[in-house]
Amino acid sequence: MRIILTLEQFPIFYAGAYGNKIEKTPGLDAWTLKSTVFDRVYSTCADGLETLFQLWETCDFSAERFSGRKVFVSDLPVDAPEFFDAGKTVSSEEFFADSDTVLAEMKADFVWVHFQSCSLEMLDAWLLKPGVMDTLWALLGTSGELPDGDVRLYSSEIQLPWWIRFPDAHYAGTRCHALVTAADFQKFLDAGTPDTHFRDGIRIQTEDARWAVVTENWFLTGFDSSDDENEDEDRNGNGDGYGNLADVEPVDKPELYFKPSDWWDQNDVAVRCFNEIQELLRFRDGVTDTPFQAFPEE
């Protein structure tokens, strides 16, 4: 049996592999030593189910790796998509407590498990059960709900924890630093290696006008206000995204962070990187396919 587990509401800072030094997670730590940790996975939609659907869209379920009877298990009362043979609704608590019984009832060769919420303690204990890590293929975080009141996307909100176990044991206990989205999942499976590079930047947009641009070296985020006529006129009149940043309302000003050194978005450098912001905004708006990647001269 082969299992892929996807989890909503699973922030990247839950796991020791991503810097958590408070919670003890021996199961996740052991799983990290058997898999590749992806350091820079981002959601492009900031919605858990949409991220799951994006993952499915990348997968060729007719491929040999997905051969046999396929089952979808979830705590959501939804029907299994057509590419799964059957489905079952089960809570994460029930599954983690007795997954052997649940999976035995499925009589499946491949199981995709998705939970909207779960206990970190129960997940960690489940990973330590005999045989689980040998059947688990990938553990992927999907997006959760964005915090209320924030007007920008920050990397800790849309960055996703991913672990993938590749067939080649050489990649166990390694890390991948490439920029990754859900659309790259199948590509990594096809390549059979994490040592690949598929994109130079990622554009992210939500329904409430929050947006972000991620590149190898930058994380730019902002909020497009629809009721600030002066700001709109300035942007349209100058044609350069934000015109003079000093003339833009604080809520509408973009924020720019160095990556990966500024992991938690603590040092906004937008005020001294005007030209770089304009290039990144051009990438965000689809004017160019190549985001600006160089650091400014000090």
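Here the sequence shown is numbered in this note's numbering, starting from 2 and rising by one per residue.
All residues carry an ideal CB built from backbone N, CA and C; glycine is no exception.
A quick note: this is a predicted structure, and the numbers were derived from the prediction, not measured.
Query	Result
Nearest residue (CA-CA) to Glu277, options Asp225, Val215 and Pro131	Val215
Neighbour-count burial assignment, Phe199, 16 or more Cβ in a 10 Å radius	exposed
The stretch 61-77 / the stretch 108-118 touching (three or more Cβ pairs under 8 Å)	yes
Three-state secondary structure assigned by DSSP to Lys89	strand
Same chain, Cβ closer than 6 Å to Leu137, five either side skipped, listed in chain order	Ile4
For Leu180, three-class secondary structure by DSSP	strand
Meets three-Cβ-pair contact criterion under 8 Å: the stretch 170-181 and the stretch 35-43	yes
Complete alpha helix (DSSP H) runs within the stretch 127-168 (minimum length 4 residues, chain order)	133-136 and 156-159
Reduced DSSP category for Asp40 - H, G, I as helix; E, B as strand; rest coil	strand
Beta-carbon spacing of Trp32, Met123 below 8 Å	no
Run of the beta strand (DSSP E) containing Ser75, from where it starts to where it stops	Lys71 to Ser75
Exposure of Leu128, with buried meaning 16 or more beta-carbon neighbours within 10 Å	buried
Bridge-paired residues (DSSP) for Thr222	Ala213 and Glu256
Same chain only: Cβ atoms within 7 Å of Ala16, ignoring 5 sequence neighbours per side	Thr26, Leu29 and Pro162
Alpha helix (DSSP H) segment containing Phe189, residue limits	Phe186 to Ala192
Where Ile13 sits in the DSSP three-state scheme	helix
N-terminal and C-terminal residue of the beta strand (DSSP E) that Gly28 is part of	Here Gly28 belongs to no beta strand (DSSP E); instead the alpha helix (DSSP H) covers Pro27 to Lys35.
Residues near Glu230 by beta carbon distance below 6 Å, same chain, minus five either side	Low confidence applies to Glu230: its pLDDT is 43, below 50, so where it sits in the model is not reliable, and the reading given next is rough at best. If we look at Glu230 and ignore the five residues flanking it on each side, it has no Cβ neighbours.
Three-state class that DSSP yields for Leu281 in the structure shown	helix
C-beta atoms of Ile203 and Thr182 nearer than 8 Å	yes
One or two residues paired with Gln206 in a DSSP bridge	Trp212
Ser120 versus Gln10, Ala210 and Glu146, residue with shortest Cα-Cα distance	Gln10
C-beta atoms of Thr222 and Arg283 nearer than 8 Å	no
Residues bridged to Arg3 [DSSP beta-bridge criterion]	Phe111
Cβ-based burial, Thr102 [other Cβ within 10 Å; buried from 16]	exposed
Residue environment, Glu146, which counts as buried when at least 16 other CB atoms sit within 10 Å	exposed
Own chain, CB closer than 6 Å to Asp225, minus 5 neighbours either side, in chain order	Ala210
Contact set for Pro148: own chain, Cβ-Cβ below 8 Å, skip 5 residues either direction	Glu158
Neighbourhood of Val212 by C-beta, 8 Å cutoff - its chain only, sequence neighbours within 5 removed	Reading the sequence as shown, one finds Trp at residue 212 and not Val. Around Trp212: Leu154, Arg204, Ile205, Gln206, Thr222, Gly223, Phe224, Asp225 and Arg285.
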